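In this note's numbering, the protein residues as written are 20 to 334. Virtual Cβ for every residue (Gly too), placed ideally from N, Cα, C. All values reported here derive from a predicted model rather than from experimental measurement. Structure record follows, encoded as structure tokens.
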Amino acid sequence: MSKTLNVNSGNYTIRVASGSNIVLDTPNGNVNLTGNLTVAGTTTTVDSQDLSLKDNIIVLNDGESGNGITLNTAGIQIDRGSASDALFIFDELVTHNDPVTQTNKPGTFVFKRANGAINGIFTNSIATGGGDLYLINSGTGVINVSGTADYENQVTDDDDVPNKKYVDDAIVTGINTIQVQSISRGDSALNVFDDSLDGGVSAFKVTIDGSEIALFKRNSTEIENIVFEDNTITTTTSGSDLTLSSQGSPFVKIDSTLRMPVQDDSAVIASSATHIALFGKDPDKGKTGLFYKNKYDHEDELISTNRSLLYSMLF
């Protein structure tokens with residue numbers, strides 16, 4: 020049989036002696052409060068196995084009057100029995116680097132154990148609202164993917180973050196397989212050309228300060244306007260001299276027999292104010308065929324030993 024207690028005006032107070040309890044005993048029933056509930060004591064204990072709250076935001080540390088949490092931390096603690104409790108708290112003493120202002124700011128959410136050990140987070144996505152994601156932020160820690168199975172082999176998408184093993188493997192593979200066509204810095208470069216890929220002639224070209232100084236081909240090499248082809252050394256520019264000189268010595272040594280081509284009699288050898296020209300022609304009275312032209316533009320033939328003896332007896 021239901022009963023209703025009506026208090027038509029004023030408050031209704033139930034008071035017991037100090038230290039005594041008020042018990043609402045409703046076996047298998049409910050206690051319904053149609054108004055607001057205010058608990059003024061220092062401790063509230065709920066022994067329910069299931070707790071449902073309609074409020075979508077729970078306020079902790081309510082009534083804070085300071086600039087931050089006066090007790091430094093506020094959050095949720097989970098009883099783990101004999102194991103160290105788990106905590107999800109906001110800690111005013113833990114700082115983090117703000118990517119927007121590039122400054123360290125106090126107050127950071129922390130997942131840890133009651134014994135102070137940092138706890139892991141199991142999730143598959145972290146959103147930053149389009150801003151940068153900063154990790155670690157201090158000390159000498161690294162980002163590690165240990166525990167995964169051959170992580171480097173899973174890095175296949177353009178947006179996947181590689182680990183050190185992936186980079187090491189990529190470098191080794193690159194050295195073994197990647198074909199580099201050009202290495203350049205500023206206006207100096209090394210360029211490789213292959214006729215099967217680029218057309219033209221296969222070559223290796225060296226450019227320094229915008230000027231080509233060497234060109235290596237299959238059958239010849241050009242370095243500083245000098246061409247090395249088979250066993251021949253020539254100049255790239257027609258009409259220019261080829262100079263052989265020794266550093267710190269007045270001599271250029273030739274270890275084998277020196278051959279000079281026989282010039283046509285009509286060939287004109289130019290004189291030089293600083294050099295004597297030696298050249299070959301058909302032998303004349305000197306019977307050697309070795310001619311010279313000095314700086315006075317005088318041309319004559321060096322005579323053989325026999326001719327020299329003959330002329331000495333005759334003259």
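Candidates the options: which alpha carbon is nearest residue i's?
| i | options | result |
| --- | --- | --- |
| D303 | I295, S221, V35 and Q282 | Q282 |
| K272 | S71, S144 and S264 | S264 |
| T127 | D117, D274 and A133 | D117 |
| E248 | I155, T256, L70 and S239 | S239 |
| G150 | I140, Q96 and Q121 | Q121 |
| D206 | G229, N143 and N195 | G229 |
| L152 | E171, V164, P125 and H115 | H115 |
| D319 | D284, M332 and I194 | D284 |
| D316 | T324, L43 and S291 | S291 |
| L277 | V26, A286, L261 and L297 | L297 |
| L321 | S331, G305 and Y330 | G305 |
Count the other CB atoms, across all protein chains shown, that sit within 10 Å of the CB of residue i; report buried if there are 16 or more and exposed otherwise.
| i | result |
| --- | --- |
| V174 | buried |
| K314 | exposed |
| E241 | buried |
| F130 | exposed |
| L234 | buried |
| I137 | exposed |
| K300 | buried |
| I162 | exposed |
| F310 | buried |
| I108 | buried |
| K73 | exposed |
| K312 | buried |
Name the DSSP beta bridge partners of residue i, please?
| i | result |
| --- | --- |
| G299 | V281 and L309 |
| D96 | For the record, residue 96 in the displayed sequence is Gln; it is not Asp. Its beta-bridge partners are L106. |
| D319 | Y311 |
With the cut-off set at 7 Å, would you say residue i and residue j are in Cβ contact?
| i | j | result |
| --- | --- | --- |
| E111 | G94 | no |
| V164 | N182 | yes |
| N244 | T251 | no |
| S327 | T307 | no |
| D214 | S221 | yes |
| V186 | L209 | no |
Would residue i pass as an interface residue toward chain C - the criterion being a Cβ-Cβ separation below 7 Å?
| i | result |
| --- | --- |
| D301 | Note that chain C does not occur in the displayed structure, where there is just one protein chain. |
TODO: Output the residue ranges of the alpha helix (DSSP H) runs that lie fully inside the stretch 175 to 216 and measure 4 residues or longer, sorted by chain position.
DONE: You should have 183 to 196.
(Q) Extract the residue ranges of the beta strand (DSSP E) inside the stretch 216 to 283, only unbroken runs of 3 or more that lie entirely within it. (A) Entirely contained in the stretch 216 to 283, the beta strand (DSSP E) runs reaching 3 residues are, in chain order, 222 to 227, 230 to 236, 239 to 242, 245 to 248 and 251 to 254.
### Message
If we require 3 or more residues per run, which beta strand (DSSP E) segments fall completely within the stretch 110 to 151?
### Response
Complete beta strand (DSSP E) runs here, min 3: 122 to 132.
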